[in-house]
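Read through the structure below, which is laid out as structure tokens, and then see the notes.
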Amino acid sequence: MSYCKQEGKDRIIFVTKEDHESPSNADLVADDPNDPYEEQGLILPNGDINWNCPCLGGMASGPCGSQFKEAFSCFHYSSEEMKGSDCIDRFRNMQECMQKYPELYPLEEEKETPPHTEVVPDQDSFPPPQSDLSVSDSGLLSDNTLPTDSQTVS
Amino acid sequence: MLKCRALWRKLAPLARSASTACRHNVKTTALNNGRRHVLVPATRMSTGPAAGGGGGNQNTLYVVLVGATCLGGGVYAYMTVRGDGKRYEERITEIASRSQKDPESLPPVVPEPEAEAAPTSDESIPAAEPEPSPTEPVPAEESVTETSPEANSAAAPVVEEPPVSSEPQVNLVESAAEPAADAFPEEATSVVEEAAGEPVTEEPVTEEPVTEEPVTEAPPPLAAEPETVQDAPAEVESPPEAQPEAAPETESALLMIPSHAPYLLIGGGTASFAAARSIRARDPGAKVLIVTNEPNLPYMRPPLSKELWFSDDLSVTETLRFKQWNGKERSIYFQPSSFYVKPEDLSGAENGGVAVLTGKRVVHMDVRGNKVKLDDDTEISYDKCLIATGGEPRNLQVIEKAGDEVMKRITLFRKIEDFKSLDNVSRNANSITIIGGGFLGSEIACALGRRSLETGLEVIQMFPEKGNMGKVLPEYLSNWTTEKVKREGVKIVPEALVKSVAFKDDKLEILLKDGRQVKTDHIVAAVGLEPNVDLAKSAGLEVDSDFGGFRVNAELQARSNIWVAGDAACFYDIRLGRRRVEHHDHAVVSGRLAGENMTGANKPYWHQSMFWSDLGPDVGYEAIGIVDSSLPTVGIFAKATSKDTPKAATEQSGTGIRSESETEATATSAVASSTPAPVVEHKDEYGKGVIFYLRDKVVVGIILWNVFNRMPIARKIIKDGEEHVDLNEVAKLFNIHED
Numbered sequence: 000m001s002y003c004k005q006e007g008k009d010r011i012i013f014v015t016k017e018d019h020e021s022p023s024n025a026d027l028v029a030d031d032p033n034d035p036y037e038e039q040g041l042i043l044p045n046g047d048i049n050w051n052c053p054c055l056g057g058m059a060s061g062p063c064g065s066q067f068k069e070a071f072s073c074f075h076y077s078s079e080e081m082k083g084s085d086c087i088d089r090f091r092n093m094q095e096c097m098q099k100y101p102e103l104y105p106l107e108e109e110k111e112t113p114p115h116t117e118v119v120p121d122q123d124s125f126p127p128p129q130s131d132l133s134v135s136d137s138g139l140l141s142d143n144t145l146p147t148d149s150q151t152v153s
Numbered sequence: 000m001l002k003c004r005a006l007w008r009k010l011a012p013l014a015r016s017a018s019t020a021c022r023h024n025v026k027t028t029a030l031n032n033g034r035r036h037v038l039v040p041a042t043r044m045s046t047g048p049a050a051g052g053g054g055g056n057q058n059t060l061y062v063v064l065v066g067a068t069c070l071g072g073g074v075y076a077y078m079t080v081r082g083d084g085k086r087y088e089e090r091i092t093e094i095a096s097r098s099q100k101d102p103e104s105l106p107p108v109v110p111e112p113e114a115e116a117a118p119t120s121d122e123s124i125p126a127a128e129p130e131p132s133p134t135e136p137v138p139a140e141e142s143v144t145e146t147s148p149e150a151n152s153a154a155a156p157v158v159e160e161p162p163v164s165s166e167p168q169v170n171l172v173e174s175a176a177e178p179a180a181d182a183f184p185e186e187a188t189s190v191v192e193e194a195a196g197e198p199v200t201e202e203p204v205t206e207e208p209v210t211e212e213p214v215t216e217a218p219p220p221l222a223a224e225p226e227t228v229q230d231a232p233a234e235v236e237s238p239p240e241a242q243p244e245a246a247p248e249t250e251s252a253l254l255m256i257p258s259h260a261p262y263l264l265i266g267g268g269t270a271s272f273a274a275a276r277s278i279r280a281r282d283p284g285a286k287v288l289i290v291t292n293e294p295n296l297p298y299m300r301p302p303l304s305k306e307l308w309f310s311d312d313l314s315v316t317e318t319l320r321f322k323q324w325n326g327k328e329r330s331i332y333f334q335p336s337s338f339y340v341k342p343e344d345l346s347g348a349e350n351g352g353v354a355v356l357t358g359k360r361v362v363h364m365d366v367r368g369n370k371v372k373l374d375d376d377t378e379i380s381y382d383k384c385l386i387a388t389g390g391e392p393r394n395l396q397v398i399e400k401a402g403d404e405v406m407k408r409i410t411l412f413r414k415i416e417d418f419k420s421l422d423n424v425s426r427n428a429n430s431i432t433i434i435g436g437g438f439l440g441s442e443i444a445c446a447l448g449r450r451s452l453e454t455g456l457e458v459i460q461m462f463p464e465k466g467n468m469g470k471v472l473p474e475y476l477s478n479w480t481t482e483k484v485k486r487e488g489v490k491i492v493p494e495a496l497v498k499s500v501a502f503k504d505d506k507l508e509i510l511l512k513d514g515r516q517v518k519t520d521h522i523v524a525a526v527g528l529e530p531n532v533d534l535a536k537s538a539g540l541e542v543d544s545d546f547g548g549f550r551v552n553a554e555l556q557a558r559s560n561i562w563v564a565g566d567a568a569c570f571y572d573i574r575l576g577r578r579r580v581e582h583h584d585h586a587v588v589s590g591r592l593a594g595e596n597m598t599g600a601n602k603p604y605w606h607q608s609m610f611w612s613d614l615g616p617d618v619g620y621e622a623i624g625i626v627d628s629s630l631p632t633v634g635i636f637a638k639a640t641s642k643d644t645p646k647a648a649t650e651q652s653g654t655g656i657r658s659e660s661e662t663e664a665t666a667t668s669a670v671a672s673s674t675p676a677p678v679v680e681h682k683d684e685y686g687k688g689v690i691f692y693l694r695d696k697v698v699v700g701i702i703l704w705n706v707f708n709r710m711p712i713a714r715k716i717i718k719d720g721e722e723h724v725d726l727n728e729v730a731k732l733f734n735i736h737e738d
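Line by line, the protein sequences are chains A and B.
Each residue of the first sequence is one higher than the one before, counting from 0 in numbering that gives the first Met the number 0.
Each residue of the second sequence is one higher than the one before, counting from 0 in numbering that gives the first Met the number 0.
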């Protein structure tokens with residue numbers, strides 16, 4: 000059973016696992032998916048790519064930003080059966096550019112795959128780990144789940 | 000004609016009465032009197048528009064005069080407004096054409112020499128390439144003579160000089176040479192780099208009015224600038240380097256600083272970098288110039304008081320690399336130097352870029368003229384400006400007055416060099432005292448405490464509150480945290496107000512107001528941050544008296560074209576009210592938002608930033624919103640089980656598992672414990688949980704205590720701003736019992 004005590008203005012409640020088993024009846028306000036103020040994920044409500052998404056790290060803003068944008072846009076709007084197959088040139092451009100900056104875009108063994116169009120929430124704080132440094136890591140987005148929400152060092 | 004007549008008939012009485020009124024208002028001086036007396040009777044006698052020859056004619060004259068004046072005024076106003084509109088349109092198209100690569104918008108003067116220069120410059124590129132390398136290490140003056148013959152062989156510089164020097168106004172002949180040289184390399188850079196003739200070359204034209212300022216460009220100090228930026232130049236960059244060196248005035252150092260930046264970011268910290276990234280993402284080809292007085296590229300601060308101290312690498316003070324929570328290593332620098340464009344290449348960069356000008360301080364801001372002045376008297380004009388100047392660590396007054404010997408042994412911790420110096424001190428000193436019990440003080444204390452296990456260093460932490468994080472955590476939690484910090488090897492001196500600090504017998508003697516005395520070798524003062532509002536005066540920007548910092552609106556805007564982000568911004572938070580936040584994530588969020596708004600987004604501060612802290616292996620928490628210990632709180636904690644406390648940590652810190660079973664038994668019977676003794680029993684009670692901070696029954700702040708990956712839920716609750724009746728129900732959303 001939960002146990003409660005009051006210390007001045009501060010209230011303290013201890014709860015067991017069983018106490019919290021029943022679903023919460025707290026009211027949460029429904030989210031408006033088109034809220035212009037909210038931080039958007041990778042894809043905006045109108046279908047465009049949000050180049051400012053933290054999940055992209057520095058990809059769209061670095062020295063090869065414009066090549067990356069071209070390649071990724073092409074991929075995003077590609078309607079081929081093999082999505083992106085008509086964008087090979089742009090990806091090649093991007094790759095050439097990235098080879099000029101090995102420090103920023105270290106070459107890894109995995110072949111370069113465009114980032115998945117997952118929406119990753121809360122990419123607030125730096126560091127966005129390898130997203131600044133590696134393109135080929137298809138786990139690019141999953142890497143970014145760390146910062147804000149679980150920055151602990153033990 | 001008939002209509003006219005009728006109109007005149009109607010207007011005349013009106014005009015007459017108006018003119019009569021006017022005359023009555025005129026001062027009764029002798030001069031006028033006579034005349035009036037003559038005129039007045041005349042008007043009084045006249046009754047109709049055609050009545051009386053003299054009177055009628057007078058009336059008509061007045062009508063005509065008044066009408067003509069009005070018409071003239073109207074026409075003038077109309078022309079002015081139209082002219083303004085036209086000038087505005089021209090300016091806008093100019094800016095727009097600069098970003099689009101539209102050669103047609105270039106003024107006629109420039110394209111011609113350009114067209115000539117382009118083909119020749121193409122040839123001169125390979126010729127000039129080998130030149131820069133040998134000339135680089137040579138000081139500017141000498142390189143002039145060496146490279147001038149080579150440069151002259153390239154027709155480009157010669158061709159460009161005449162049109163440029165014809166641009167400046169006549170009245171500034173002397174200083175024209177300097178701006179010409181300044182603009183000339185700019186033009187040279189741009190022309191050479193874009194044989195396609197980009198509108199970037201327009202900049203010299205627009206820069207002319209800027210560089211014409213009578214304020215001397217101060218080439219001597221600039222010429223003295225070490226040419227440190229000349230690393231392996233990229234192919235395209237070498238020609239501009241060769242050509243400026245050919246400039247007769249040896250203004251090669253001037254090159255380092257562009258005279259115009261479409262996006263100028265003052266300050267080179269987290270907020271600035273986040274804004275730069277945001278701008279580049281949203282405005283394709285944007286040219287962003289960051290001006291910072293630190294010698295470093297933008298870096299993140301949290302590891303300076305946390306991860307870097309726990310690194311196994313002995314050369315960490317040089318590499319500045321740390322291991323993240325997921326095991327991956329990275330540098331504290333956001334990006335390596337290859338990410339950035341050199342400042343002198345910024346104007347010519349085809350796809351734009353971010354350039355960082357280090358070691359320069361902005362001392363004056365001219366808001367009307369849209370330009371800033373640096374400490375070496377260079378001026379940079381901008382289209383959009385961000386002020387992200389952060390702040391300086393505060394010091395205690397008693398320390399400032401204490402004399403040089405004491406000052407030598409004080410560290411105000413904020414920057415990389417502070418970390419390096421403190422690291423050095425910690426290896427050599429016997430005793431270090433940290434004054435301040437907040438985030439920074441406690442983190443440093445824990446970091447040094449950890450080090451003390453190896454070196455036998457004495458670590459003391461003193462603060463006015465009763466416990467660590469006393470202004471943030473509710474008392475019971477603050478006490479619990481203090482115990483944890485003690486376990487890290489720190490001697491805590493609570494409720495300590497420093498009266499004086501003296502240097503005696505090779506030791507620092509700290510005298511407290513209650514008579515206690517602490518002897519130590521070195522002091523770290525972590526007593527707050529003073530936001531840097533030096534530019535407020537010259538820029539005419541408002542400074543907030545409650546929170547400090549620049550006062551900005553909900554969209555982080557101070558004035559047109561000026562935004563403020565990061566530690567220095569006192570902004571309006573739509574949900575939580577006006578505040579100023581000094582956390583890393585806020586710098587990122589506000590920097591990003593400022594960048595978005597600088598590129599036309601017009602979004603208010605909405606996405607709530609969070610912060611976190613780690614105090615040793617047991618205490619790690621994330622928080623969001625207003626977390627002030629003076630607010631009433633409701634804390635919901637999971638009843639401790641053996642799983643919650645990390646086993647390694649318990650063994651290390653000496654708290655055995657046995658104490659948990661004791662606390663289980665005593666929990667139900669324990670009375671509210673505000674005295675230190677019972678805290679020992681309760682020490683594992685607050686293993687993990689959620690604490691809500693309330694203001695008028697609305698949750699305005701949440702701490703996730705040893706509970707991770709739940710920040711989105713916390714953010715949502717704050718965003719809703721609802722009055723929840725039962726906070727236990729809200730706490731259920733966090734699933735605190737699970738990992």
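Think of the CB as a built atom: it goes at the ideal place given N, C-alpha and C, for glycine as much as any other residue.
Minimum Cα-Cα distance from VAL361/B among the listed residues ASN394/B, ILE265/B and ASP282/B corresponds to ILE265/B.
By the rule that beta-carbons nearer than 8 angstroms mark a contact, LEU103/A touches chain B. Neighbours of PRO35/A in chain B, taken as residues whose beta carbon is under 8 angstroms from its own, are LYS602 in chain order. For LYS341/B and PHE309/B, the gap between their C-alpha atoms comes out near 34 angstroms. Cβ-Cβ separation between SER425/B and ARG393/B: approximately 22 angstroms, too far for a contact (criterion under 8 angstroms). In the DSSP assignment, LYS503/B is bridged to LYS506/B. Collapsing the DSSP output to three states places TRP50/A in coil.
By the criterion of a C-beta distance shorter than 7 angstroms, ILE491/B is surrounded in its chain by GLN460, THR481, VAL484 and LYS485, once the five residues flanking it on both sides are discounted. With fewer than 16 other Cβ atoms inside 10 Å of its own Cβ, LEU60/B counts as exposed. Nearest CB-CB separation between ASP572/B and chain A: not below the 8 angstroms threshold. Sequence-distant Cβ neighbours of THR454/B in its own chain, meaning closer than 6 angstroms and more than five residues away, do not exist here. With fewer than 16 other Cβ atoms from the protein chains shown falling within 10 Å of its own Cβ, ILE91/B counts as exposed. Residues of the stretch 716–733 of chain B that bring their beta carbon within less than 7 angstroms of a beta carbon in chain A comprise ASP719, GLU721, HIS723, ASN727, GLU728, VAL729, LYS731 and LEU732, in sequence order.
Here ILE87/A is exposed, its C-beta having fewer than 16 other C-beta atoms within 10 Å. Look at TRP704/B here: in three-state DSSP terms it is strand.
Nearest neighbour of ARG550/B by Cα position, chosen from LYS536/B, ALA567/B and ASN560/B, turns out to be ALA567/B. Contacts between HIS736/B and chain A, judged by CB atoms closer than 7 angstroms, involve LYS16 and HIS19 in chain order. Closest by C-alpha distance to VAL618/B, out of LEU345/B, ALA274/B, ARG300/B and LEU476/B, is LEU476/B. Interface criterion met: the Cβ of VAL633/B is under 8 angstroms from a Cβ in chain A. Listed in chain order, the positions of the stretch 322–338 of chain B with a beta carbon within less than 7 angstroms of a beta carbon of chain A are GLN323, TRP324, ASN325, LYS327, ARG329, PHE333, GLN334, PRO335, SER337 and PHE338.
The residues PHE546, GLY548 and CYS569, in chain order, have a CB closer than 6 angstroms to that of ARG579/B in the same chain once the five nearest residues on each side in sequence are set aside. By the neighbour-count definition (other C-beta atoms within 10 Å, threshold 16), VAL489/B is a buried residue. Residue burial annotation: TYR104/A is buried, with at least 16 other C-beta atoms found within 10 angstroms of its C-beta. The three-state reading of DSSP puts MET299/B in coil, since its state is none of H, G, I, E or B.
GLY435/B is classed as buried because its beta carbon has at least 16 other beta carbons within 10 Å across all chains shown. Bounds of the alpha helix (DSSP H) holding GLN66/A are 64–76. Contact note: ASP26/A reaches chain B through GLU721, using a C-beta cutoff of 7 angstroms and chain order.
Within the DSSP bridge table, the entry for PRO261/B names no partner.
Of all residues in the stretch 455–487 of chain B, only PRO473, GLU474, TYR475 and LEU476 come within less than 9 angstroms of chain A when Cβ atoms are compared, listed by chain position. Secondary structure note for SER589/B: its alpha helix (DSSP H) is the uninterrupted segment 583–597.
Boundaries of the alpha helix (DSSP H) around VAL405/B: 403–406.
With respect to chain A, the C-beta atom of SER277/B has a partner C-beta closer than 8 angstroms.
For PHE338/B against ILE331/B, the beta-carbon gap comes to about 14 angstroms, at or over 8 angstroms, which does not count as contact.
For the stretch 458–522 of chain B, the continuous alpha helix (DSSP H) assignments of 4+ residues that do not extend past its boundaries occur at 474–486, in sequence order. Put simply, the stretch 363–371 of chain B touches the stretch 380–397 of chain B. At least three CB pairs are less than 8 angstroms apart. In the three-state scheme derived from DSSP, where H, G and I count as helix and E and B as strand, LYS536/B is classed as helix.
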